[in-house]
């Protein structure tokens, strides 16, 4: 029972983190020591078809681990959507200021605390590229219509991809692309049809990328974190432009 509760609580805080731009659900998973098991469970959905069997699938999936984790995440995301929608409607400026400080804190952590500055400064060009890309996207998407199903699917794909990486916030991608308020309102209203393309994007990323993303991240961790720190910094403008 204690393991179930631990996994549920870990999932709950992962859900809260992941729906808050600038806070990484994967980092929270690491703090609760469930990150590796979480990734291992996800790889069950990308099996080797030659050797696939139901028994191997459930062994990798580890239902006793993944179900309480997902239960906690789903409940947290649903509850937090009410609070975030309330803050957007009634305390928009204060909420934007809060998110700005959270995102700056995430950047400072990634650059100065996860690694020594002497090591990370060699990847300053990655930070600059990420900053410029995020700023360009934020500015250019002001009038883009995200009612377009294809664009929602793309947003979902990149958001879930970011969710898998420690230190990177999936919901930040949704803010940067201007779709975050729509997602919050749809989750609150349980309007799954409105965000179905987003969920399809989640699923495609979920099925295709876990192993590849983590391999790339492990090979170039500092470079990737500097790139995403630049993306986070450049996305601060998106909070003030798109979050209405």
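Numbering (the numbering used here), first residue to last: 108 to 351.
Quick reminder that beta carbons are idealized off the backbone N, C-alpha and C, glycines included.
Taking C-alpha positions only, residue 190 is separated from residue 160 by approximately 43 Å. Two segments are said to touch when three or more pairs of C-beta atoms, one from each, lie closer than 8 Å; by this definition the region 226-239 does not touch the region 111-124. Rounded to the nearest whole angstrom, the CA to CA distance from residue 245 to residue 267 is 19 Å.
For residue 116, the secondary structure class from DSSP, reduced to helix, strand or coil, is helix. Beta-carbon to beta-carbon, residue 260 and residue 307 are separated by about 5 Å, close enough to satisfy the 8 Å threshold. DSSP places residue 203 in the uninterrupted alpha helix (DSSP H) bounded by 199-215. Across the structure, residue 237 and residue 179 are spaced so that their CA atoms are roughly 32 Å apart.
The beta carbon of residue 290 is closer than 7 Å to those of 281, 302, 305 in its chain, skipping five residues each way along the sequence. Per DSSP, the continuous alpha helix (DSSP H) segment holding residue 287 begins and ends at 287-295. Exposure of residue 166 is indicated by the presence of fewer than 16 other C-beta atoms within 10 angstroms of its C-beta. For the pair residue 207 and residue 162, the Cα-to-Cα distance works out to about 46 Å.
Between the beta-carbon of residue 346 and that of residue 203 there is about 5 Å, and that keeps the pair under the 8 Å contact cut. When DSSP states are grouped into helix, strand and coil, residue 175 belongs to the helix group.
Taking a contact as a CB-CB distance under 8 Å, the pair residue 151 and residue 142 does not count as one, their CB atoms being some 16 Å apart.
Apart from sequence neighbours up to five positions away, the residues of its chain that approach residue 337 with a beta-carbon distance below 8 Å are 233, 234, 235, 236, 237, 238, 239, 240, 241, ordered along the chain. Taking C-alpha positions only, residue 194 is separated from residue 283 by approximately 19 Å.
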